[in-house]
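Have a look at the structure below, then the notes.
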Amino acid sequence: MEDRRILIADTAIAVIADVGVRGLTHRAVDAAANLATGSTSYYARSKAQLVSLTVERLASLLRGYTEHTALASATPNDGGELVKTLRGWLEGLYADYQGELRSRAALILELEQSEGADADLLREALVSAEDLAGPLKSAGIDSDTAPALLVALEGCLWEHSAGRQLGATKSGTDAFLLESVLSSHHHSGGRGLFGLRR
């Protein structure tokens, strides 16, 4: 039963990546997954439930990728090493999760624009500050930097899933953005990004 839910969610992700959220229907998922008509409706009665199931799956994939790449437990020594860690995390997503990133971008827009948007569901689709807490602390970067860093990371993900960098697996712009955010915030030890005292 759980395998069928995952199949439906993964197929929904692929449908959205191919034709957008408006093309996400129970019938489209059934057809793409080679399931009997009505199978998707059994697990997700409404389109809202289907969207919820899909977002939950995307969030699970992102968390799994983050755990697999050990971002949360990374121990960079300084800001420069942290930038490398974050770039590696981003580039892995660009290389292996292009369809998922396109679907994620489309669903974020859909959730933001829908009436009575589910804030909790929307947060599930976004990168979590908890994933950055360990690396920031290890690099000696003030935790107050996390919100700005999340904005930069989401900007990078957006550009690679729906913007100018669509399809690219690497970009020097990512490093520039991350370095800019980190260098503009105070180091918790009173030193600058690369260990130089301010």
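Residues in the sequence shown are numbered from 967 upward in steps of one, following this note's numbering. Glycine included, every Cβ here is placed at the ideal spot set by N, Cα and C.
- By the CB criterion at 9 angstroms, alanine 1105 and glycine 1045 fall inside the cutoff.
- Taking valine 981 as reference, the option from Val995, Arg970, Thr1111 with the minimal CA-CA separation is Val995.
- For alanine 1095, there is no enclosing alpha helix (DSSP H), as DSSP marks it with neither H nor E.
- A direct Cα-Cα distance of roughly 13 angstroms separates serine 1137 from tryptophan 1124.
- Relative to serine 1039, the option among Thr991, Asp1086, Thr1003, Lys1103 whose CA is nearest is Lys1103.
- Contact between the segment 1086-1098 and the segment 1129-1146 is absent: fewer than 3 CB-CB pairs across the two stretches fall below 8 angstroms.
- Cβ-Cβ separation between leucine 973 and alanine 999: approximately 6 angstroms, consistent with a contact (criterion under 8 angstroms).
- Around the Cβ of leucine 1056, a 10 Å sphere holds 16 or more other Cβ atoms; the residue is buried.
- Looking only at Leu1048, Asp1062, Val1049, the smallest Cα-Cα distance to leucine 1028 is reached by Asp1062.
- Where alanine 1010 is concerned, there is no enclosing alpha helix (DSSP H), because DSSP gives it neither an H nor an E.
- Between glycine 1100 and threonine 1041, the C-beta gap is smaller than 9 angstroms, which places the two residues in contact.
- Across the set Ala1002, Thr1135, Leu1116, Lys1013, the C-alpha of Thr1135 shows the shortest separation from the C-alpha of glycine 1065.
- Taking histidine 992 as the centre and dropping the five residues before and after it, the same chain places the C-beta of Thr1006, Ser1007 closer than 6 angstroms to its C-beta, in chain order.
- By the C-beta density criterion, threonine 1003 is exposed, having fewer than 16 other C-beta atoms within 10 angstroms.
- Of Gly1121, Pro1113, His1126, the smallest CA-CA separation from serine 1150 is found for Pro1113.
- Here the alpha carbon of arginine 1068 sits roughly 5 angstroms from the alpha carbon of alanine 983.
- Taking glutamate 1022 as reference, the option from Leu1077, Thr1051, Leu1048 with the minimal CA-CA separation is Leu1077.
- When C-alpha distances from aspartate 1140 are compared across Leu1037, Gln1079, Gly1054, the shortest belongs to Gly1054.
- Secondary structure of glycine 1004 (DSSP, three-state): coil.
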